[in-house]
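A.B. asks:
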Amino acid sequence: MAVKAVEAAKGYASQVEFSPMDATRSNKNFLYQILEAVIEKGAGVINIPDTVGYSTPEEFGCLIGDIMKKVPNIKEAVVSVHCHDDLGMATANSLSAIKHGARQIECSINGIGERAGNTPLEEVVMALKTREDFFHLFTGIHTEEIYRTSRLVSRLAGIPVQPNKAVVGQNAFRHQSGIHQDGVLKEAATFEIMTPSSVGLKEGELVLGKLSGRHAFRERLRKLGFELKDSELETAFRAFKKLADK
């Protein structure tokens, strides 16, 4: 049936992708045979899905590695992956697949997808960019458009982005701890592994709260146009901390 489907599809399109449903829970030897057969009939992309988000990164990476080794004609196709996030491992599984030979990741902005969602595009892209030293790959995506695209999709889809979402969450580049704020003010790379501008934000944000320190407090006052003497700053900071603790 799979072979006939690919043959039929080739009659309508020059590029055909074959995706075996629930590949991660399928009989592996049968999977290898099917993949070899559909590639022989012209499938140019072999997409391996973790349909129910069941696999772990180690398992999924090994599966892709085994496919690369045990499907004789696999080099004639692009190996793709399609991961779901039911156990919160879609990004990790996708990146593990990349390390084992996959060269296409099916993903979505903000991870929108069936049930718990799919691999978030922004996480994969920024992981590959931030850890190019580890993956030795690049995407060609203009990452400076990531944040704006995320918000556009969120607004049009009516699906909010969780505040602590990696890369595009409201809190992704916010710092409230006094130690973190002091470190960021001295050298942003201390607590920011990627720059806000790399995803399209002007700058990070120091959130003033009960955990904030004098350095961040002074910086906020400076941005508001106030330059206080040390004694004045101390008085104002104590008053602020008292208010923030309520």
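If you read the sequence shown in this note's numbering, its first letter stands for residue 645, the second for the next number, and so on.
Even for Gly, the Cβ is constructed at its ideal location relative to N, Cα and C.
(1) In angstroms with no decimal places, state the Cα-to-Cα distance between Ser814 and Lys867.
(2) Please confirm if the stretch 700–715 is in contact with the stretch 789–797, defined as three or more CB-CB distances below 8 Å between the two stretches.
(3) If you run the structure through DSSP and keep just helix, strand and coil, what is Phe905?
(4) If you draw a straight line from the alpha carbon of Asn673 to that of Ile718, how long is it in whole angstroms?
(5) Could you check if Glu766 is buried or exposed, using at least 16 other CB atoms within 10 Å of its CB as the buried criterion?
(6) Name the two residues that bound the continuous alpha helix (DSSP H) containing Gln825.
(7) Buried or exposed for Asp889, going by 16 or more other Cβ atoms inside 10 Å?
(8) Just to confirm the assignment: which complete beta strand (DSSP E) runs, minimum length 3, are found wholly within the stretch 758–837?
(9) When the distance is taken between beta carbons, is Asn691 closer than 8 Å to Glu661?
(10) What did DSSP end up calling Pro716 once you bin it into helix, strand or coil?
(11) Can you give the Cα-Cα distance for Ser724 and Gln825, rounded to whole angstroms?
(12) For a minimum of 4 consecutive residues, which ranges assigned as the alpha helix (DSSP H) are wholly contained in the stretch 650–695?
(13) Ser875: buried (16+ other C-beta within 10 angstroms of its C-beta) or exposed?
(14) Please return the same chain residues whose Cβ sits closer than 7 Å to the Cβ of Arg862, not counting the five positions on each side in sequence.
C.D. replies: Quick answer:
(1) Here the question's residue 814 lines up with position 170 in the sequence shown. Here the question's residue 867 lines up with position 223 in the sequence shown. Contrary to the premise, residue 814 reads as Gln rather than Ser in this sequence. Between Gln814 and Lys867, the C-alpha separation is close to 21 Å.
(2) no
(3) What is shown of the chain runs 645 to 890, which leaves residue 905 out entirely.
(4) Numbered from its first residue, the sequence shown carries residue 673 at position 29. Numbered from its first residue, the sequence shown carries residue 718 at position 74. Approximately 14 Å between the Cα atoms of the pair.
(5) For the purposes of this step, residue 766 is identified with residue 122 of the sequence shown, where counting begins at 1. Buried: at least 16 other Cβ atoms inside 10 Å.
(6) Residue 825 sits at position 181 when you count from the first residue of the sequence shown. Gln825 -> alpha helix (DSSP H) spans Gly822 to Lys830.
(7) In the sequence shown, residue 889 corresponds to position 245, counting from 1. With fewer than 16 other Cβ atoms within 10 Å, it is exposed.
(8) none
(9) As a working note, residue 661 is residue 17 in the sequence shown. As a working note, residue 691 is residue 47 in the sequence shown. Yes, the Cβ-Cβ distance between Glu661 and Asn691 is below 8 Å.
(10) Taking the first residue of the sequence shown as position 1, residue 716 is located at position 72. Correct three-state label for Pro716: coil.
(11) Counting from 1 along the sequence shown, the entry for residue 724 is found at position 80. Counting from 1 along the sequence shown, the entry for residue 825 is found at position 181. Rounded to whole angstroms, Ser724 to Gln825 spans 41 Å at the Cα level.
(12) 672–684
(13) The sequence position of residue 875 within the sequence shown is 231, counting from 1. Exposed is the call here.
(14) Against the sequence shown, residue 862 aligns to sequence position 218. So the list reads Leu877, once near-sequence residues are dropped.
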